[in-house]
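Engineer: So in UniProt numbering, spot 613 of the sequence shown is number 613, and the numbers just go up one at a time.
From the three backbone atoms N, C-alpha and C, an ideal C-beta is built for every residue, glycine too.
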Amino acid sequence: MFDFDTNITYLTGIGPAKALMLQKEMGVFNANQLLNLFPNRYVDKSKMFTIRELQAGNTEVQIKGIVTDLKEVKQKRGSRLVATFKDETGSMELIWFRVNRWLKTSIKINEPYVIFGKLNFFNGTFSMPHPDMELEVNYKKNFIAGLQAIYPSTEKMSAKGFNNKVMSKAIQHLIKEAYPFIQETLSQEILDEYQLLSKKEALLHIHFPKNQEYLARAQKRLKFEEFFFIQTQLIRNKLVRKDKIKGFVFGQVGDYFNDFYKSGLKFDLTNAQKRVLKEIRADMASGAHMNRLLQGDVGAGKTIVALLTILIALDNNFQTAMLAPTEILATQHFQAVSELVTPFNISVKLLTGSTRTKERRIIHESLEDGSLQILIGTHAILEDKVVFKNLGLAIIDEQHRFGVAQRSKMWMKNTLPPHVLIMTATPIPRTLAMSAYGDLDVSMIDELPPGRKPIQTVHRFDSARLRVFKFMRDEIEKGRQIYVVYPLIEESEAMDYKDLQDGYESIQREFPLPKYRISIVHGKMKPADKELEMQRFVKGETQIMVATTVIEVGVNVPNASVMIIESAERFGLSQLHQLRGRVGRGADQSYCILMSGVKLSNDSKTRLETMVRTSDGFEIAEVDLKLRGPGNLMGTQQSGVLNLKIADLVRDSKELHMARNTALEVLREDPNLTLTKNLPIKKAYQQIHKRTSIWANIS
């Protein structure tokens, strides 16, 4: 019997020194982890080149020849090792930029070698830096034709001679020993339905593929399996939560909700808003804990749905907390909610990091005695000293900006966890929502309120600036207001601040007092000064707001009809989309102008073209996912959540859908995985569940 938990120190071909290196550099501690350290890529070693056959277009090649000369070349910083390598048709150089004693003594002069590596072509001559080298006699002994795996590595590993050949050899020994004991993790039914390789075959062919076809089949099997167990855990979490985690029953809709619905709504709800509200009401009346993600594009009317949800909580004598990631956004929610509920005699307070001590004391007391019904704020709400009398609903805005530990603190604020409604204005692509938020119920507001005109978006180069200034004047003449936004990237804050100041001065020259008035807002200002400038713009006292991205979330000015984004190529897609959403909130035609220099990278071009082509936040999110990958899209707090070993959310969305549908079918038929055919799944699931519980904590 083979023990897959065996420490790698005791595996053939590794030993203590290499084991330590693998643990530190790769996070690999046992046999199972080494078996699941999958190659980055594969190279085709079926062809042996001669030096005369080499061409500048060749990337990686394999050549047979001898080393005729070896010398160390001293440089300012250290030295490099240069070997002359010859075959019957010509010669070339082999170069090592880091020289160590082991390397110098291990290379044998005039002995036949087979070398493999990347080819460099410079000044009419070929060279190969850091080649893989094997004496021909050993090469013939160990030769594996065709595709060979290239494993992840680090500089430290290469410097210590722990190269790809050593790794491949160690994994070859491991597979030989472990192969008879590798257990199947999927049911025969699933293997047959999707024509998947067995687990054994998949592991063999991912490391040592017979050919391209077997490699593709091994990858398909392992990607499917990875997605399948993630989905199984997410779906089971959801089932367990609905079955085991009780929630407060919000059985009635009373005066608060009905009065507001009759006289507080300025517009009729869209069909999408009504549908979402129905889903939320059903959740909160069920007696199970609600955990729902509310997605909607910028301006789709999520705030009204959130407010109506709050009113249901109040009708059932519960308090509500609304959590926002920034002070500006919390303040905006507070202002919007206060304005809407003031006629209905509902108490609302704002709690942020800058709330004064006296006001804090009043808030704490009124929360504890139950007289404060709605508390809106930032992370300050999560502090232990914030105690509610009867918290029944937590609304979290922009969930991916909060860490798991912070969100779970909301659960501790009552005897039962409060119902949770998570709102995001950053649409999450379906593939990502399915993987990272698969244990949440998802509601989508997929239509905009009637009367909204689509925002016209154009891309203009800096050379067209005078035309843009003229357009701005024309819009101001019509009584409209304008945003001009500059990027702010922390690493170059001083430079960005200068860009903002230069831009502000040029706009002042083009739009002089007293005819034009300009507000400026940036991160270096005190919160009170920032708020003052924003309020001047909101009230229409200034026509132009020059700002850094601090307005990305926050201000709501229906009269603002133009958004000009400077250096637009420096913004991410979701940021551009969020900024564009600051205009188009009134009945007038609105415009978004993306300004950039002429030199654009391919990714920048794609971002700007996408913005001009579509205003659909979900389409934009899909493009963003392709450009940036899931880690960056979700923010640093959760980039580790989707720690995928072989699958890729963008490239492998087909396998993801297959895996999710299969997991749903399996769990519908057999929620506890007790059927004989599902025992391999249950055993593997328990092993995975033991190793990682992060999925249970996502929401």
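By Cβ distance below 6 Å, which residues in the same chain neighbour R628 in space, the five residues on each side in sequence not counted?
Structural biologist: The residue given as residue 628 occupies position 628 in the sequence shown. The answer is none, since no qualifying residue turns up.
Engineer: In chain order, which continuous runs of the alpha helix (DSSP H) of length 4 or greater are located wholly inside the stretch 208-266?
Structural biologist: Complete alpha helix (DSSP H) runs here, min 4: 212-244 and 255-263.
Engineer: Taking the C-alpha atoms as reference points, what is the distance between G377 and V557?
Structural biologist: Against the sequence shown, residue 377 aligns to sequence position 377. Against the sequence shown, residue 557 aligns to sequence position 557. Those two C-alpha atoms are separated by around 21 Å.
Engineer: Using only the alpha-carbon positions, how far apart do residue 701 and L656 sit?
Structural biologist: Any property of residue 701 remains undetermined from this structure, which presents the chain solely from 1 to 699.
Engineer: Would you say residue 703 and S519 are within 8 Å of each other, going by their C-beta atoms?
Structural biologist: Since the first and last residues shown for the chain are 1 and 699, residue 703 lies out of range.
Engineer: Terminal residues of the continuous beta strand (DSSP E) containing S443?
Structural biologist: The residue given as residue 443 occupies position 443 in the sequence shown. Per DSSP, S443 belongs to the beta strand (DSSP E) from D441 to I445.
Engineer: Hey, would you say K220 sits closer than 8 Å to A288, going by beta carbons?
Structural biologist: For the purposes of this step, residue 220 is taken as residue 220 along the sequence shown, with counting starting at 1. For the purposes of this step, residue 288 is taken as residue 288 along the sequence shown, with counting starting at 1. It is not a contact, given that the beta carbons lie outside the stated cut-off.
Engineer: For the beta strand (DSSP E) holding S79, just list the boundary residues, first then last.
Structural biologist: Here residue 79 is taken as the residue at index 79 of the sequence shown, counted from 1. It spans S79 to D87 - the beta strand (DSSP E) in which S79 sits, taken as one unbroken run.
Engineer: DSSP three-state label for F116, please.
Structural biologist: Numbered from its first residue, the sequence shown carries residue 116 at position 116. DSSP places F116 in strand when its eight states are reduced to three.
Engineer: From E383 to I310, what distance separates their C-alpha atoms?
Structural biologist: Position 383 of the sequence shown, counted from the start, is the residue given in the question as residue 383. Position 310 of the sequence shown, counted from the start, is the residue given in the question as residue 310. Answer to the nearest angstrom: the Cα atoms are 22 Å apart.
Engineer: Threshold first: 4 residues or longer. Then list the alpha helix (DSSP H) segments lying entirely within the stretch 356-382, N to C.
Structural biologist: Whole alpha helix (DSSP H) segments, 4+ residues: 357-368.
Engineer: Beta-carbon within less than 8 Å of T12's beta-carbon, same chain only, minus the 5 sequence neighbours each way: which residues are those?
Structural biologist: On the sequence shown, residue 12 is found 12 positions in, with the first residue counted as 1. Cβ within range, chain order: A170, H173, L174 and E177.
Engineer: What span of residues does the alpha helix (DSSP H) with Y194 cover, start to end?
Structural biologist: Walking along the sequence shown from the start, residue 194 turns up at place 194. From DSSP, the alpha helix (DSSP H) with Y194 extends over Q188 to Y194.
Engineer: Ignore the nearest five residues each way along the sequence and tell me which others in F537's own chain have a CB closer than 6 Å to its CB.
Structural biologist: The count along the sequence shown starts at 1 and reaches residue 537 at position 537. The answer, listed in chain order, is S519 and M545.
Engineer: Distance check for A330 and D369, CA to CA, integer angstroms please.
Structural biologist: Locating residue 369 in the sequence shown gives position 369, counting from the first residue. Locating residue 330 in the sequence shown gives position 330, counting from the first residue. Their backbone Cα atoms lie some 23 Å apart in a straight line.
Engineer: Within 10 angstroms of the Cβ of L633, are there 16 or more other Cβ atoms? Answer buried if so, exposed if not.
Structural biologist: What you label residue 633 is simply residue 633 of the sequence shown in a count that begins at 1. Confidence is the limiting factor: at L633 the pLDDT is only 46, short of 50, which leaves the residue's position unreliable, though a coordinate-based value still follows. L633 comes out buried.
Engineer: Does the distance from the C-beta atom of P209 to that of L294 stay below 8 Å?
Structural biologist: Working through the sequence shown from its first residue, we reach residue 209 at position 209. Working through the sequence shown from its first residue, we reach residue 294 at position 294. Not a contact, by the Cβ cut-off of 8 Å.
Engineer: Taking the alpha-carbon of Y214 as reference, which of E201, F224 and V73 has the nearest alpha-carbon?
Structural biologist: Residue 214 sits at position 214 when you count from the first residue of the sequence shown. Nearest of E201, F224 and V73 to Y214, Cα basis: E201.
Engineer: Between the alpha carbons of M534 and Q335, how many angstroms are there, rounded?
Structural biologist: The sequence position of residue 534 within the sequence shown is 534, counting from 1. The sequence position of residue 335 within the sequence shown is 335, counting from 1. Roughly 13 Å separates the two Cα atoms.
Engineer: Within 8 Å, do at least three Cβ pairs link the stretch 562-579 to the stretch 606-615?
Structural biologist: These segments touch.
Engineer: Starting from I564, follow its DSSP beta bridges and name the residues at the other end.
Structural biologist: Within the sequence shown, numbered from 1, the residue matching residue 564 stands at position 564. Paired residue(s): V484 and I593.
Engineer: Is the stretch 28-35 touching the stretch 103-112 in the sense that three or more CB pairs, one from each, lie closer than 8 Å?
Structural biologist: The stretch 103-112 vs the stretch 28-35: no contact.
Engineer: Please state the DSSP three-state secondary structure of K169.
Structural biologist: Counting from 1 along the sequence shown, the entry for residue 169 is found at position 169. Correct three-state label for K169: helix.
Engineer: Considering only C-alpha positions, which residue in the set D446, F162 and I66 is nearest to N271?
Structural biologist: The residue given as residue 271 occupies position 271 in the sequence shown. Looking at the Cα atoms, D446 is the closest of the given residues.
Engineer: Looking at I182 and K199, is the spacing between their C-beta atoms short of 8 Å?
Structural biologist: One-based indexing of the sequence shown puts residue 199 at position 199. One-based indexing of the sequence shown puts residue 182 at position 182. In this structure, I182 lies closer than 8 Å to K199 by Cβ.
Engineer: Look up R52 in the DSSP assignment and say whether it is helix, strand or coil.
Structural biologist: Reading the sequence shown from its first residue, position 52 is the one you call residue 52. Here R52 sits in helix by DSSP.
Engineer: So, helix, strand or coil for I688, using DSSP?
Structural biologist: What you label residue 688 is simply residue 688 of the sequence shown in a count that begins at 1. It is helical.
Engineer: Quick one: what's got a C-beta closer than 8 Å to Y15's C-beta in the same chain, skipping five residues either side?
Structural biologist: The residue given as residue 15 occupies position 15 in the sequence shown. The question names Tyr, but residue 15 is Gly in the sequence shown. Counting only Cβ-Cβ distances below 8 Å, and skipping sequence neighbours, we find T9.
Engineer: Over the uninterrupted alpha helix (DSSP H) stretch that includes V348, give me the two end residues.
Structural biologist: As a working mapping, residue 348 is identified with position 348 in the sequence shown. Where V348 is concerned, there is no enclosing alpha helix (DSSP H), although the beta strand (DSSP E) it sits in stretches over V348 to L351.
Engineer: Count the CB pairs spanning the stretch 590-600 and the stretch 453-460 that are closer than 8 Å, and state whether there are at least three.
Structural biologist: Touching, yes.
Engineer: Need the endpoints of the beta strand (DSSP E) that N91 sits in, please.
Structural biologist: The residue you call residue 91 lines up with position 91 of the sequence shown. The residue asked about is misnamed: residue 91 is Ser in this sequence, not Asn. Run containing S91: G90 to W96, per the beta strand (DSSP E) assignment.
Engineer: Straight-line CA distance for Q319 to K302?
Structural biologist: The count along the sequence shown starts at 1 and reaches residue 319 at position 319. The count along the sequence shown starts at 1 and reaches residue 302 at position 302. Rounded to whole angstroms, Q319 to K302 spans 20 Å at the Cα level.
Engineer: Looking at the secondary structure, which residues open and close the alpha helix (DSSP H) in which I428 lies?
Structural biologist: The residue you call residue 428 lines up with position 428 of the sequence shown. No alpha helix (DSSP H) holds I428; DSSP gives it neither H nor E.
Engineer: I'd like to know whether the C-beta atoms of L600 and E619 end up nearer to each other than 8 Å.
Structural biologist: The sequence position of residue 600 within the sequence shown is 600, counting from 1. The sequence position of residue 619 within the sequence shown is 619, counting from 1. Not a contact, by the Cβ cut-off of 8 Å.
Engineer: How many Å lie between K389 and H522 at the Cα?
Structural biologist: As a first step, residue 389 must be located in the sequence shown, where it is residue number 389. As a first step, residue 522 must be located in the sequence shown, where it is residue number 522. Rounded to whole angstroms, K389 to H522 spans 39 Å at the Cα level.
Engineer: What do you get for L20, buried or exposed, if any count of 16 or more other CB atoms within 10 angstroms of its CB means buried?
Structural biologist: On the sequence shown, residue 20 is found 20 positions in, with the first residue counted as 1. L20 should be labelled exposed.
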